[in-house]
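Data block below; observations after.
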Amino acid sequence: MDKRYLPLPVSEQVLLRRQAIEEVLAHPEWTLADAIRHLKKSMRLTSAELARLAGVSHRTVQDIEQGRSEGTVQTMNRLLGIVGLKLGVVRRMSEDP
Numbered sequence: 001m002d003k004r005y006l007p008l009p010v011s012e013q014v015l016l017r018r019q020a021i022e023e024v025l026a027h028p029e030w031t032l033a034d035a036i037r038h039l040k041k042s043m044r045l046t047s048a049e050l051a052r053l054a055g056v057s058h059r060t061v062q063d064i065e066q067g068r069s070e071g072t073v074q075t076m077n078r079l080l081g082i083v084g085l086k087l088g089v090v091r092r093m094s095e096d097p
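For the sequence shown, the positions run 1 to 97 when the UniProt record's numbering is used.
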């Protein structure tokens, strides 16, 4: 956990993760970088901690967060997978009535 925060009991950590997941799912307009940033901040993780949990490099997480890279599908699934999410394909809704 990010050392800028006081340690939380496990029950509160679980609650933060659930809330973070629900917020990401409630905002399909967010970019993947926005979703990753939100998950990281909501769960009080540093980029290095998120990278370690996901099994990717710290630099990869930084590049995605800062928009220098969009990441591969595999990388995004690893990052989202730590909270039980994965990328999916859905039909775009037509903008014309």
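Positions of the beta carbon are idealized from the N, C-alpha and C atoms, including for glycine. Fair warning: this is a prediction, and the values are worked out from it, not measured in the lab.
Extent of the continuous alpha helix (DSSP H) to which residue i belongs
i	result
E23	V10 to L25
K86	Here K86 belongs to no alpha helix (DSSP H), and DSSP marks it neither H nor E.
L53	S47 to A54
S42	L32 to S42
Check whether residue i and residue j have beta carbons under 9 Å apart
i	j	result
H38	A20	yes
L85	I64	no
L45	L53	yes
residue 132	K40	Absent from the model: residue 132. The displayed extent of the chain is 1 to 97, so no value can be given.
T75	V90	no
For residue j and residue i, believed in contact at Cβ under 8 Å, the rounded distance
i	j	result
R18	M43	At roughly 10 Å, the Cβ-Cβ gap does not stay under 8 Å, so R18 and M43 are not in contact.
Neighbour flag for residue i against chain D, beta carbons, 9 Å
i	result
A26	Going by chain labels, chain D is absent from the structure shown, which holds only one protein chain.
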